[in-house]
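Visitor: Supplied in structure tokens, the structure appears directly below.
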Amino acid sequence: QLCHTNLDPHLEKRLTIWCANAGGPLSHVGVSAIICDSQACRQVHRKLKYSHRLIHVIPSGFDLNAFRPDPFARASVRRELEIGENSPVIGLVARYHPQKDHGTFLRSAALLASSMPEARFVLCGRSVDASNQELRGMIEKSNLERHCRLLGMYPSTARLMAAMDIATSSSCGESFSLMIGEAMSSGLPCVVTDVGDSAHMVGGTGAVVPPNDPEAMAAAWVKILGMTAEARAAMGRSARERVRANWSLPVMAARYRSVYQGGVPVPDPLADCESAL
């Protein structure tokens, strides 16, 4: 299965890039099917000479029973993190890596906090904790110490997302983002950068901004937070239904069965639908 879309030597290991390039010629020999997790990934690997005929796009599936709106978890997690019931909470769930671009997220956070001091920013993922001196330095430089919560490897992403008002992907490179799908399943509006399949995932259920543009990201947050609670909840419900229709576990399992049983190309129904509009 192929998952990379950004093979920038400044962001990825040389071995990863070498393997991606070497796999293209080999994909024409003794291979029954190649699974890409996104349309963006398919395009990248076609350019690397992977067999066009054998590539199928099957994104990750999401468990809507595990990721769902949960008012009890919302209240509990906010008490745990000492965040007020009505404080706007924006979350970033991502490991600490250059592609995830925590710097842009924090610059956006500083812009929002200057006009909305009650806002809180919850960050979790590998190396996203108080021991990360680089990350702490960025937070201190932006005067965000009281606004940010660094949670590291939080035990339950589903519970944490229930406490958020907006989920954000600030990445400068993505394929098919698990975080975005989990947040949408949780009934959250998402603000995402226009990389990989992120814009395709969100559609009209959130906001899409250019990468490395903190002003645009902060403006998108302001717009969503300025909506009525009812309108924001309706946006979240639309996001959850979009996942149910296109990337729920039963839908993805059926697409894998189609490949295993017949090896025929499996289209992305949502991509096909939108391209026809």
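First residue of the sequence shown: 56, per our numbering; consecutive thereafter.
C-beta: ideal position from N, C-alpha, C; glycine also.
Which runs of the beta strand (DSSP E), 3 residues or longer, sit entirely within the region 235-282?
Guide: 245-248, 262-264
Visitor: Do L205 and L215 count as a contact pair if the criterion is CB distance below 8 Å?
Guide: The sequence position of residue 215 within the sequence shown is 160, counting from 1. The sequence position of residue 205 within the sequence shown is 150, counting from 1. For L215 and L205, no; Cβs fall outside 8 Å.
Visitor: Please return the same chain residues whose Cβ sits closer than 7 Å to the Cβ of M171, not counting the five positions on each side in sequence.
Guide: Locating residue 171 in the sequence shown gives position 116, counting from the first residue. So the qualifying residues of the chain are P143.
Visitor: Tell me, to the nearest whole angstrom, how far the beta carbon of V177 is from that of M219; I am working on the premise that it is less than 8 Å.
Guide: Your numbering for residue 177 matches position 122 in the sequence shown. Your numbering for residue 219 matches position 164 in the sequence shown. Cβ-Cβ separation between V177 and M219: approximately 7 Å, consistent with a contact (criterion under 8 Å).
Visitor: Beta carbon of T223, beta carbon of G146: below 8 Å?
Guide: As a position in the sequence shown, residue 223 is number 168, starting the count at 1. As a position in the sequence shown, residue 146 is number 91, starting the count at 1. Yes, the Cβ-Cβ distance between T223 and G146 is below 8 Å.
Visitor: Could you tell me the boundaries of the beta strand (DSSP E) in which G146 lies?
Guide: Translated into positions along the sequence shown, residue 146 becomes position 91. G146 -> beta strand (DSSP E) spans 144-148.
Visitor: Would you call the region 121-129 in contact with the region 237-245, where contact means no fewer than 3 C-beta pairs closer than 8 Å?
Guide: yes
Visitor: Any idea if T385 is buried or exposed, counting beta-carbon neighbours within 10 angstroms, 16 or more meaning buried?
Guide: Absent from the model: residue 385. The displayed extent of the chain is 56 to 332, so no value can be given.
Visitor: Give the DSSP-derived three-state secondary structure of S334 in the structure shown.
Guide: Past the boundaries of the shown model lies residue 334; the chain is included only from 56 to 332, so the question cannot be answered.
Visitor: Going straight from the alpha carbon of E200 to that of Y315, what length do you get?
Guide: By one-based count along the sequence shown, residue 200 stands at place 145. By one-based count along the sequence shown, residue 315 stands at place 260. Each residue's Cα considered, the two are about 51 Å apart.
Visitor: Quick one: Cα of N187 to Cα of Y209, how far?
Guide: The residue labelled residue 187 in the question sits at position 132 within the sequence shown. The residue labelled residue 209 in the question sits at position 154 within the sequence shown. The C-alpha of Y209 is placed about 15 Å away from the C-alpha of N187.
Visitor: Please report the distance separating the alpha-carbon of V250 from that of H111.
Guide: The count along the sequence shown starts at 1 and reaches residue 250 at position 195. The count along the sequence shown starts at 1 and reaches residue 111 at position 56. Computed Cα separation, rounded: 20 Å.
Visitor: Alpha carbon to alpha carbon, how far is Q98 from S182? Give it in angstroms, no decimals.
Guide: Taking the first residue of the sequence shown as position 1, residue 182 is located at position 127. Taking the first residue of the sequence shown as position 1, residue 98 is located at position 43. In this structure, the alpha-carbon of S182 lies about 31 Å from that of Q98.
Visitor: Please state the DSSP three-state secondary structure of I113.
Guide: Along the sequence shown, read from residue 1 onward, the residue named residue 113 stands at position 58. Three-state result, I113: coil.
Visitor: Along the chain, where does the alpha helix (DSSP H) that runs through L215 open and close?
Guide: Start at 1 with the first residue of the sequence shown, and residue 215 comes out as number 160. For L215, the uninterrupted alpha helix (DSSP H) run begins and ends at 212-217, by DSSP.
Visitor: If contacts are defined as beta-carbon pairs under 8 Å, then A95 and S230 qualify, I think. What distance do you get, rounded to the angstrom?
Guide: Here residue 95 refers to the residue found at position 40 of the sequence shown. Here residue 230 refers to the residue found at position 175 of the sequence shown. A95 to S230, Cβ: 6 Å. Contact.
Visitor: Apart from the five residues just before and just after K155, which ones in its own chain have a Cβ nearer than 6 Å to its Cβ?
Guide: For the purposes of this step, residue 155 is identified with residue 100 of the sequence shown, where counting begins at 1. The beta carbon of K155 sits closer than 6 Å to those of A149, S226, all from its chain and outside the five residues before and after it, given in chain order.
Visitor: If you draw a straight line from the alpha carbon of M184 to that of L167, how long is it in whole angstroms?
Guide: Residue numbering aside, residue 184 sits at position 129 when the sequence shown is read from its first letter. Residue numbering aside, residue 167 sits at position 112 when the sequence shown is read from its first letter. Before going on, a small fix: residue 184 reads as Asp here, not Met. Cα-Cα distance, rounded: 22 Å.
Visitor: Does the distance from the CB of C245 to the CB of V264 come in under 8 Å?
Guide: On the sequence shown, residue 245 is found 190 positions in, with the first residue counted as 1. On the sequence shown, residue 264 is found 209 positions in, with the first residue counted as 1. Result no, Cβ atoms of C245 and V264 do not sit closer than 8 Å.
Visitor: Could you tell me the alpha carbon to alpha carbon distance between A164 and M272, rounded to whole angstroms?
Guide: On the sequence shown, position 109 is the one that residue 164 refers to. On the sequence shown, position 217 is the one that residue 272 refers to. Spanning the two alpha carbons is a distance of roughly 9 Å.
Visitor: Pull up the distance between the alpha-carbon of A288 and that of G139, whole angstroms please.
Guide: In the sequence shown, residue 288 corresponds to position 233, counting from 1. In the sequence shown, residue 139 corresponds to position 84, counting from 1. Answer to the nearest angstrom: the Cα atoms are 19 Å apart.
Visitor: Indicate the three-state DSSP secondary structure (helix, strand or coil) for I194 in the structure shown.
Guide: For this step, residue 194 is matched to residue 139 along the sequence shown. Three-state result, I194: helix.
Visitor: Can you name, in chain order, every residue of its own chain whose Cβ lies under 7 Å from the Cβ of V132, other than the five neighbours on each side?
Guide: Against the sequence shown, residue 132 aligns to sequence position 77. Counting only Cβ-Cβ distances below 7 Å, and skipping sequence neighbours, we find R214, L215, A217, A218.
Visitor: Assign A174 to one of two classes, buried (16 or more other C-beta atoms within 10 Å of its C-beta) or exposed (fewer than that).
Guide: Numbered from its first residue, the sequence shown carries residue 174 at position 119. Classification of A174: buried, given that the 10 Å Cβ count is 16 or more.
Visitor: Using the rule of at least 16 other Cβ atoms within 10 Å of the residue's Cβ for burial, across every protein chain shown, is N198 buried or exposed?
Guide: In the sequence shown, residue 198 corresponds to position 143, counting from 1. Exposed.
Visitor: Is the separation between the beta-carbon of S87 and that of G236 shorter than 8 Å?
Guide: Counting from 1 along the sequence shown, the entry for residue 87 is found at position 32. Counting from 1 along the sequence shown, the entry for residue 236 is found at position 181. It is not a contact, given that the beta carbons lie outside the stated cut-off.
Visitor: So for R310, helix, strand or coil by DSSP?
Guide: Along the sequence shown, read from residue 1 onward, the residue named residue 310 stands at position 255. Here R310 sits in helix by DSSP.
Visitor: What residue does the alpha helix (DSSP H) around R287 start on, and which one ends it?
Guide: Position 232 of the sequence shown, counting from 1, holds the residue named residue 287. R287 -> alpha helix (DSSP H) spans 284-301.
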